[in-house]
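Numbering (the numbering used here), first residue to last: 148 to 457.
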């Protein structure tokens, strides 16, 4: 990394994994690469935003293929460190008749979980802190112990001090946490530094007991977020500027999904790409709906480039 290089518009911090998805018609398995924050970086890059990915991968052949894949997608990989002994994590997707997905993970020893122990971590964090936007998720926080989570919060704080935006999606997955209280504590530590929050209501209800999407809006605004968009699946998205009335924007079309993997990530990417390009939040929400609506019609988190909506 060089001090003279211009940072990307958005840096996504998380884990990219090997993805296995099965075609129900042929029973054949397909291997790809995905992960919630990596998905956002890929779709932002496809949408024309300068996107970087902050993470660690192994020195194994699959990690090398992963890095090459992200490079081909136009993602800035200068923030990706190489772990000398660990490897890439892996997950497999199963979908039911309604396209709803479930995951099985093999990731306890993934390289990304040891990011902060690597010698290049300090330099990567310092350069990432110069980005216009930093994107984090609850899954990012779940990768690390308390010390690592504190370093993520410090990074978010530095981005805000540098004049940047911090974007957060709770993306709460109970299996990634010892208990809900641990997740709430980690989210609470990063919340004061988040300016844009993109939660899913189902996750908010599971973690906080929210009875209404407005409960989620109020909590994140109270924590300091200026813009909150609560995703509600095929019902649409509820968005709110701090101190202003909220509005519900329904999905433009409702097709029966084939695979909902990556639906929230692609919505976030479509929304942020439009926002970075100067769109108003309402237009950005519609851009998120359009991208997510296409992604759920394909297997796996990353759809073919020629299937991208305009």
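For glycine and all other residues, C-beta sits at the position ideal for the given N, C-alpha and C. Here the structure is a predicted model, which means the values were calculated and not measured.
> Using the beta-carbon count (16 or more within 10 Å), is residue 176 buried or exposed?
Replying inline: Classification of residue 176: exposed, given that the 10 Å Cβ count is below 16.
> Just how far apart, CA to CA, sit residue 386 and residue 261?
Replying inline: In a straight line, the C-alpha of residue 386 is about 35 Å away from that of residue 261.
>> Closer than 8 Å is the cut-off here; do at least three beta carbon pairs connect the stretch 310-328 with the stretch 218-235?
In response: Contact between the stretch 310-328 and the stretch 218-235 is absent, because fewer than three Cβ pairs lie under 8 Å.
>> Can you tell me whether residue 150 is helix, strand or coil according to DSSP?
In response: With a pLDDT of only 44 at residue 150, under the threshold of 50, the placement of this residue in the model should not be trusted; the figure read from the coordinates follows. Three-state DSSP puts residue 150 in coil, outside helix and strand.
> Do residue 258 and residue 225 have their CB atoms nearer than 8 Å?
Replying inline: no
> How would you call residue 150, buried or exposed, if buried means at least 16 neighbouring beta carbons within 10 angstroms?
Replying inline: Because residue 150 carries a pLDDT of 44, less than 50, the predicted location of this residue cannot be relied on, and the following value inherits that uncertainty. With fewer than 16 other Cβ atoms within 10 Å, it is exposed.
> On the three-state DSSP scale, how would you describe residue 189?
Replying inline: helix
> In angstroms, rounded to a whole number, what distance separates the CA positions of residue 148 and residue 269?
Replying inline: Caution applies to residue 148, whose pLDDT of 46 falls short of 50 and renders its modelled position unreliable; the model cannot decide the point.
>> Assess contact between the stretch 354-361 and the stretch 401-410, defined as three or more Cβ pairs (one per stretch) separated by less than 8 Å. Is contact present?
In response: With the cut-off at 8 Å, the stretch 354-361 and the stretch 401-410 do not touch.
>> Please give the ranges of any alpha helix (DSSP H) in the stretch 191-263, keeping only runs that are unbroken, at least 4 residues long and fully inside the region.
In response: 208-219
>> Can you look up residue 184 in the DSSP assignment and give me helix, strand or coil?
In response: helix
> Hey, residue 342 and residue 312 are a contact pair by Cβ (cut 8 Å); roughly how many whole angstroms apart?
Replying inline: About 5 Å separates the beta carbon of residue 342 from that of residue 312, a gap short enough to meet the 8 Å contact definition.
>> If contact is defined by three or more beta carbon pairs under 8 Å, each pair taking one atom from either stretch, is the stretch 342-351 in contact with the stretch 436-455?
In response: no
>> Looking at residue 324: is its Cβ nearer than 8 Å to the Cβ of residue 363?
In response: no
>> Could you tell me the alpha carbon to alpha carbon distance between residue 457 and residue 294, rounded to whole angstroms?
In response: Approximately 42 Å between the Cα atoms of the pair.
> If you scan the stretch 387-438 from start to end, which runs of the beta strand (DSSP E) of 3 or more residues do you find wholly inside it?
Replying inline: Runs found: 394-396.
> Are residue 459 and residue 336 close, meaning C-beta to C-beta below 8 Å?
Replying inline: Given a span of 148 to 457 for the chain in the structure shown, any question on residue 459 remains unanswerable.
> Name the DSSP beta bridge partners of residue 287, please?
Replying inline: DSSP output for residue 287 lists no bridge partner at all.
> In the stretch 340-370, which residue ranges form an unbroken alpha helix (DSSP H) of at least 4 residues, counting only runs that do not cross its ends?
Replying inline: Counting whole runs of 4 or more residues, the stretch 340-370 contains the alpha helix (DSSP H) stretches 348-355 and 360-370.
> Quick one: is residue 215 buried, meaning 16 or more other Cβ sit within 10 Å of its Cβ, or exposed?
Replying inline: exposed
> For the candidate residues 255, 426, 338 and 163, whose alpha-carbon lies nearest to that of residue 187?
Replying inline: 163
>> If the criterion is Cβ atoms closer than 8 Å, does the pair residue 165 and residue 237 meet it?
In response: yes
> What is the DSSP secondary structure of residue 385, counted as helix, strand or coil?
Replying inline: strand
> How is the beta strand (DSSP E) around residue 316 delimited, first residue to last?
Replying inline: 312-316
>> Tell me which residues share the same chain as residue 158 and place their Cβ nearer than 6 Å to its Cβ, disregarding the 5 neighbours each side in the sequence.
In response: 199, 201, 275, 278 and 281
>> So, at 6 Å on beta carbons, what are the nonlocal neighbours of residue 303 in its own chain, with the 5 sequence-adjacent residues on each side left out?
In response: For residue 303, the CB contacts under 6 Å within the same chain, skipping 5 residues up- and downstream, are 313, 337 and 340 in chain order.
>> Using the three-state DSSP reduction, which class does residue 269 fall into: helix, strand or coil?
In response: In this structure, residue 269 counts as helix in the three-state DSSP scheme.
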